[in-house]
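All remarks here apply to the structure that follows.
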Amino acid sequence: MLMEKKIYFIGGKGGVGKSTTSAAMALLLSQKGKKVLLVSTDPAHNSGDLFHKDLSGGKIQSVAENLDVLEIDSEQESRKYINGVKGNLKGLVKATMLDEVNRQIDMAASSPGAEEAALFDRITSLILEEISHYDTIVFDTAPTGHTIRLLTLPELMGVWMDGLLERRKKTNENYAQWMNDGEIAEDPIYEKLNERKNRFMRVREILLDNSQTEYVFVLNAERLPILETGKAIDTLHKHGLHVNSIVVNKVIPEDADGRFMELRRTNERVYLEEIQQKFTHQRQLFLPLLEHDISSLDALEQIAGILGKQVAAFIK
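Going by this note's numbering, the letters in the sequence shown line up with residues 3 to 318, in that order.
The structure is reproduced here in structure tokens:
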């Protein structure tokens with residue numbers, strides 16, 4: 003059932019209404035009595051604006067009954083991640099090598115994918131540790147490409163860490179043979195790598211478990227969002243991550259009048275039909291275009307109410 007999951011990832015093209023949908027989903031879950039954490043991983047955070055609260059600083063804050071919000075600063079997380087790696091290696095390498103090791107780590111920090119790795123490390127901690135304090139965590143993710151890279155990281159990093167561990171193991175075995183005693187000494191670096199690999203394996207199991215994790219894509223009834231959503235769903239499916247729900251946002255209400263709106267509605271109907279035919283394996287939820295901005299808690303509660311009725315219709 004849609005409302006009974008532990009983890010939700012809300013994704014989609016930029017500008018389609020992911021943050022509003024994520025906030026409305028989190029609010030709806032909290033109104034049903036669940037203790038909810040809404041996490042924004044999008045660098046262009048909107049959660050604080052929606053709840054009229056300053057969420058800077060990377061701290062979890064309460065915004066409503068049963069609802070807490072966290073905005074993750076990816077640059078800050080990247081710095082913490084790198085400092086954490088340096089801290090783990092301190093004492094494990096010779097003092098004479100430490101400066102060079104730290105220099106290599108700083109160079110790696112600026113490489114492509116480093117920020118996503120740091121961000122996913124924080125997400126891993128939230129899923130494995132913070133989940134014990136909450137019934138549900140809702141992740142409001144960055145635009146589609148970033149989301150795909152983020153969600154496929156556990157698989158890619160698992161393969162990469164297997165290679166590192168295998169090379170480290172062979173080095174230790176060769177060293178033991180060279181010392182002629184055959185005994186492989188304890189290797190704290192190997193242990194640390196193995197520990198991280200196990201964390202990635204645990205979180206990957208949760209991400210692949212449809213009974214715990216729900217992937218929801220938000221789109222508008224327009225050509226480019228439909229194309230991008232279709233490609234994203236196919237890509238995630240290849241990695242074992244199945245998107246079971248989509249939210250079609252900003253659908254023009256039938257009572258919207260005027261020639262301009264009628265022309266827009268005629269154009270929209272073509273794309274709504276395409277959505278219904280293209281995403282037959284996904285639960286389809288529809289949210290209307292409102293006559294006002296979603297800029298207050300009352301407006302957000304209105305969206306949450308509409309979303310709740312849509313979900314209830316599927317349960318029946």
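For every residue, glycine included, the Cβ atom is placed at its ideal position computed from N, Cα and C. Keep in mind that this is a model prediction, so the values were computed, not measured.
Excluding five sequence neighbours on each side, which residues of the same chain lie with their C-beta closer than 6 Å to the C-beta of LYS252?
-> ASN222, LEU291
Following the continuous beta strand (DSSP E) through GLN336, name the residue where it begins and the one where it ends.
-> Outside the displayed range of the chain (3 to 318) lies residue 336, so it cannot be described from this structure.
Quick one: does the C-beta of PHE202 sit closer than 7 Å to a heavy atom of the ligand MN?
-> Ligands displayed in this structure: none; no statement on the ligand MN is therefore possible.
Would you mind stating whether GLY35 and ALA234 have Cβ atoms separated by less than 8 Å?
-> no
Note down the Cα distance separating PHE262 from ALA25, rounded to an integer number of angstroms.
-> 30 Å
Would you decide whether GLN284 is buried or exposed? Buried here means 16 or more other CB atoms lie within 10 Å of its CB.
-> buried
What is the DSSP secondary structure of THR231, reduced to helix, strand or coil?
-> helix
Roughly how many whole angstroms lie between the Cα atoms of MET3 and TYR273?
-> 27 Å
Relative to the C-alpha of GLY59, which residue among GLU73, MET27, ARG271 is closest?
-> GLU73
Same chain only: Cβ atoms within 6 Å of THR140, ignoring 5 sequence neighbours per side | First, the residue type needs correcting, since residue 140 is Val and not Thr in the sequence shown. The residues are TYR10, SER24, MET27, ALA28, LEU40.
Tell me, to the nearest whole angstrom, how far the beta carbon of GLY19 is from that of VAL220; I am working on the premise that it is less than 8 Å.
-> 6 Å
Cβ shell of THR22 (< 6 Å), same chain only, five flanking positions each side left out = ILE296
Which partner residues does ASP142 have in the DSSP bridge list?
-> ILE12, SER42
Check ALA26 in the structure and name its three-state DSSP category.
-> helix
Span of the alpha helix (DSSP H) holding ASP51?
-> 49-53
Counting only the same chain and skipping the five closest in sequence on each side, list residues whose C-beta sits under 8 Å from that of ASP300.
-> none
Would you kindly work out how many angstroms separate the C-alpha atoms of ALA119 and THR126, rounded to a whole number?
-> 10 Å
Is the distance from the Cβ of LYS8 to the Cβ of THR138 below 8 Å?
-> yes
Is ALA306 near GLN33, with beta carbons less than 8 Å apart?
-> yes
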